[in-house]
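Each residue of the sequence shown is one higher than the last, beginning at 21 in this note's numbering.
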Amino acid sequence: MRIILLGAPGAGKGTQAQFISEKTGATPISTGKIIRAAVKNGTPAGLAAKEYIDAGRLVPDEMVIEMLKERLCEDDCKDGYILDGFPRNISQALALEKMGIEVDIVIDILVFDSDVVERLCGRRVCNNCGATYHVETKPSLKGKLCELCDGTLITREDDKPEIVLERLRVYHAETEPLIRHYNAQIKLRTMRSFPTIEDTANGVLAILGESAV
Ligand code: AP5
21 MRIILLGAPG
31 AGKGTQAQFI
41 SEKTGATPIS
51 TGKIIRAAVK
61 NGTPAGLAAK
71 EYIDAGRLVP
81 DEMVIEMLKE
91 RLCEDDCKDG
101 YILDGFPRNI
111 SQALALEKMG
121 IEVDIVIDIL
131 VFDSDVVERL
141 CGRRVCNNCG
151 ATYHVETKPS
161 LKGKLCELCD
171 GTLITREDDK
181 PEIVLERLRV
191 YHAETEPLIR
201 HYNAQIKLRT
211 MRSFPTIEDT
221 ANGVLAILGE
231 SAV
């Protein structure tokens, strides 16, 4: 079972990837998380990627493709995975195909740009385990600490309003063309992101049920 989640920044890809993983056992793989971990660890790739991620632009394809290839070789990918944030443009989609990877389904989560700004400005992430919260729609029961590991909740550098607008611009210019790409392969399913995480998860479940993946 191999699933791609498409959608604008803040569409809820990471949140729904976690949900699908809990339901199906497939491993959630976020290239954003992989890159942020490399930045935090100060690896050469991480240091090179930092200026792109901080500016809200895409990290160069060859760098991300290499990181993804390495990740997909790990044991927990054998029984399926959910790609969150990859591919981000047509050339990354073609790279996936060149690797011989066939995805079963591509779910595009639609969200209004105005909701994206509100969601990302209210998002908080754990600086230890990366768990995601929102000050209004998904507050941590432990206040400013992570419910899972007691890590400190922080605002991502790229969730500042001016960077969010740049990420949205990049999404419309570079990622949105993937919708047509996967529609042509008859793999695309489109759904709206509802105002609550639970309703959106029900929409995802309905798609997975219909697709019997
Ligand atoms: P990445 O980390 O992938 O960021 P993104 O795609 O912009 O997506 P986000 O993580 O911001 O949002 P999401 O859709 O996962 O939403 P979430 O579930 O968190 O990438 C960051 C950067 O890394 C990129 O800008 C780029 O520089 C680089 N990068 C990554 N991949 C790359 C690639 N392949 N190629 C090149 N560069 C790459 O939800 C958001 C918030 O809303 C949360 O607070 C959540 O609690 C809340 N929420 C979620 N769903 C709902 C709902 N239905 N109702 C109400 N609130 C909700």
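Glycine is no exception: its CB is placed at the ideal position from the N, C-alpha and C atoms.
Which partner residues of residue i appear in the DSSP bridge assignment?
i    : result
L22  : Rather than Leu, the amino acid found at residue 22 in this sequence is Arg. DSSP, once it has assigned bridges, lists Y101 as partnering R22.
T152 : V145
M119 : M119 is not bridged to any residue.
G27  : I129
L185 : Bridge partners of L185: none, in fact.
K33  : DSSP, once it has assigned bridges, lists no residue as partnering K33.
K43  : DSSP, once it has assigned bridges, lists no residue as partnering K43.
Is the beta carbon of residue i less than 8 Å from the beta carbon of residue j?
i    : j    : result
R56  : T195 : no
M211 : G229 : no
H154 : R139 : yes
C141 : C169 : no
I174 : V145 : yes
V131 : A28  : yes
M87  : I54  : yes
V126 : L208 : yes
I102 : L25  : yes
K70  : V59  : yes
Q112 : D133 : no
K164 : T172 : yes
G32  : S160 : no
I121 : H201 : no
D179 : I73  : no
For the candidate residues the options, whose alpha-carbon lies nearest to that of residue i?
i    : options                : result
R143 : L116, P181, D124, I110 : P181
T44  : G32, S50, I85, R22     : R22
D128 : G105, V84, E86         : G105
P197 : F39, L114, I54         : L114
G76  : E122, L92, I40, G52    : G52
L116 : L92, Y191, V131, S134  : L92
G30  : S41, T63, T216         : T216
T35  : T220, A204, I227       : T220
D99  : G66, D74, T47, A65     : T47
How about residue i: is its Cβ closer than 7 Å to a heavy atom in ligand 1?
i    : result
A226 : no
D128 : no
I121 : no
H201 : no
T175 : no
T47  : no
K118 : no
I73  : yes
K180 : no
A68  : no
V79  : yes
D104 : yes
R187 : yes
V137 : no
K164 : no
V84  : yes
G52  : yes
Looking at chain B, is there any beta carbon in it that lies within less than 8 Å of the beta carbon of residue i?
i   : result
G66 : Absence of chain B from the displayed structure is noted, only one protein chain being present.
Legend entry - Any beta strand (DSSP E) of 3 or more consecutive residues that is wholly inside the segment 47-93: Unbroken beta strand (DSSP E) stretches of 3 residues or longer found wholly inside the segment 47-93: 47-50, given in chain order.
Inset, instruction - For the segment 163-220, list the beta strand (DSSP E) runs that are entirely contained and at least 3 residues long, ordered along the chain. - result: The segment 163-220 contains these whole beta strand (DSSP E) runs: 208-212.
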